[in-house]
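Below you'll find the structure, written out as structure tokens, and then a few comments.
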Amino acid sequence: MAAWPAPGDRERQMVVATLQQQLAAYRLRWPEEAALAEQFVQLLDDATDPFVRERVEGHFTGSAWVVSADGTRTLLTHHRKLQRWLQLGGHADGDRDLAQVALREAEEESGLVGLRLADGELFDLDRHWIPARGDVAGHWHFDARYVVLAGADEAFKVSEESLALAWRPIAELLAEPELDPSLRRMAEKWLASRAW
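Written out as structure tokens, the structure is:
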């Protein structure tokens, strides 16, 4: 397991300070989610590295709300293991920059070129249970989500982690009764941010 520096270590202090700043800004933007943001802050204080999947109680992950260049569609994956439509994303695997984790996972899972982070600020937070699979015990994902913008080329490649990928009109997602609640929340946030 990757070593999580001691609390006084400069590297750890910088990682913690950066994510704490993002979480503080997030709490101001979405005060109704302050309690959830606080759970992320508490995970940063854990003695075991929260950026690696070997922390079996739960760990940070990074996800991407990938939007088309015109901002009207999002790219979703039909997740092979979870058997449902979700945003692209995955484990940090020791990377302590969760925005870069989100971008990397979007690139790996979609094959899209020219992806870029919109602003590197937290767009959404989600804490969700991952059921046991094989010899991996059930655990919590503390998922930090960032907006990732697609370029002009929207031709994707389906990776082994997905059954399918699809560009979906964001406004139409809200009409789907079976939509994952966190996708609904992100769609609502995105549409509200573009209502001006």
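Numbers in the numbering used here are just positions in the sequence shown, counted from 1, shifted up by 1. Beta carbons: idealized from backbone N, C-alpha and C, even for Gly. Please read these numbers as outputs of a predicted model, since none were measured by experiment.
Taking ALA165 as the reference, which of ARG54, VAL102, VAL149, LEU89 has the closest Cα? LEU89
By DSSP, does ARG56 sit in helix, in strand, or in coil? coil
Where does GLN43 land, buried or exposed, given buried means 16+ other C-beta within 10 angstroms? exposed
Relative to the C-alpha of LEU20, which candidate in HIS60, LEU99, GLU33 has its C-alpha closest? LEU99
Reduced DSSP category for LEU116 - H, G, I as helix; E, B as strand; rest coil: coil
For LEU1, is the classification buried or exposed, using 16 other Cβ atoms within 10 angstroms of its Cβ as the cut-off for buried? There is no way to answer for residue 1, as the model of the chain reaches only from 2 to 197.
Put HIS78 into one of helix, strand or coil per three-state DSSP. According to the sequence provided, residue 78 is Thr. The question's His does not apply to it. In the structure shown, THR78 sits in a strand (DSSP, three-state: E or B).
Neighbourhood of VAL16 by C-beta distance below 6 Å, restricted to the same chain and skipping five residues each side: ARG97
Please confirm whether PHE52 and GLY121 have their CB atoms less than 8 Å apart. no
For GLY72 versus ARG185, is the C-beta distance shorter than 8 Å? No; because the gap between Cβ atoms is not below 8 Å, this pair is not in contact.
Among ALA18, LEU113, ARG85, which one has its Cα closest to the Cα of ALA70? When only C-alpha atoms are compared, the closest one is LEU113.
Let's see if you can read the secondary structure: which residues bound the beta strand (DSSP E) around ALA165? Judged by DSSP secondary structure, ALA165 falls within the beta strand (DSSP E) whose first and last residues are 163-170.
With DSSP collapsed to three states, give me the class of SER64. strand
CB LEU126 to CB GLU34, shorter than 8 Å? Their beta carbons are under 8 Å apart, which means LEU126 touches GLU34 by this criterion.
Mark ALA103 as exposed unless 16 or more other C-beta atoms lie within 10 angstroms of its C-beta, in which case mark it buried. buried
Among all the DSSP beta bridges, which residues are the ones paired with ASP127? ASP144
With DSSP collapsed to three states, give me the class of TRP31. coil
On the three-state DSSP scale, how would you describe VAL159? coil
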